[in-house]
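Q: In the numbering used here, the protein residues as written are 1 to 195.
Backbone N, C-alpha and C fix where the C-beta goes; we use that ideal spot for every residue, glycine too.
Bear in mind that the values here come from a model prediction, so they are computed numbers and not experimental data.
I have a structure here, written as structure tokens, and I will follow up with some questions on it.
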Ligand code: SF4
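And the structure:
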């Protein structure tokens, strides 16, 4: 018979110390009021409610599964709602080797996402083609869509993926509401042939 172990001394969870709380944005506080700018409130809300769309084509996708599992738990960052509908997601996570044939599909998914949208290239393959320096593999997804954060590694560990998401959170938090309408942003989109 296989030995069975029971945890006879369970540790009580102290939730008050382990729960992450959103920090207060800069502003003016007085008795019964708090005033800040709309930019900061929207940034705070967006930062803590990012909906990722995992575009996983190979091994890096398995690391993402571990990142979503209970041990690493991306839900702690408000990102537990993983969606496969581009119209409702705002973070495209590209994980794995992207063959040139797959390029137009990835681009279409990106185009179907509503603004504001962000992109992470997870792992060496998505960032630069990785070890696949061949005629059939796209040498980095930034050849077809703009990328905000690159996560190095082959594969990156879940800690690195979480770090990438935290870098995106920083960008989201401090992004001006006017950025997407700016000439510089339009120029960036035009350079990818996106209107
Ligand atoms: S970067 Fe490495 S682990 Fe990730 S998809 Fe490419 S070969 Fe696989």
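Could you pull out every residue in the same chain whose Cβ sits closer than 8 Å to the Cβ of residue 188, ignoring the five residues on either side in sequence?
A: Taking the chain shown and counting its residues from 1, the one referred to as residue 188 is at position 188. If we look at residue 188 and ignore the five residues flanking it on each side, its Cβ neighbours are 146.
Q: Buried or exposed: which applies to residue 134, given that a residue is buried once 16 or more other Cβ atoms fall within 10 Å of its Cβ?
A: The sequence position of residue 134 within the chain shown is 134, counting from 1. So residue 134 ends up on the exposed side.
Q: How would you call residue 74, buried or exposed, if buried means at least 16 neighbouring beta carbons within 10 angstroms?
A: If you number the chain shown from 1, residue 74 lands on position 74. Buried, since its Cβ has 16 or more Cβ neighbours within 10 Å.
Q: Alpha carbons only, please: which of 21, 58, 9 is nearest the one belonging to residue 137?
A: Within the chain shown, the letter at position 137 stands for residue 137. If you compare the alpha carbons of 21, 58, 9 with that of residue 137, the shortest gap goes to 58.
Q: Mind reading off the beta-carbon distance from residue 47 to residue 169? Whole number of angstroms is fine, and I expect it under 8 Å.
A: By one-based count along the chain shown, residue 47 stands at place 47. By one-based count along the chain shown, residue 169 stands at place 169. Contact holds; Cβ gap of about 5 Å.
Q: Using a Cβ-Cβ cutoff of less than 8 Å, which residues in the same chain neighbour residue 11 once the five nearest sequence positions on both sides are dropped?
A: Reading the chain shown from its first residue, position 11 is the one you call residue 11. Here the set comprises nothing.
Q: Hey, how far is the Cα of residue 55 from the Cα of residue 49?
A: For the purposes of this step, residue 55 is identified with residue 55 of the chain shown, where counting begins at 1. For the purposes of this step, residue 49 is identified with residue 49 of the chain shown, where counting begins at 1. Taking the straight line joining both Cα atoms gives about 19 Å.
Q: Report yes if the CB atom of residue 90 is closer than 8 Å to the CB atom of residue 118, and no otherwise.
A: Within the chain shown, residue 90 is the residue found at index 90, counting from 1. Within the chain shown, residue 118 is the residue found at index 118, counting from 1. Yes.
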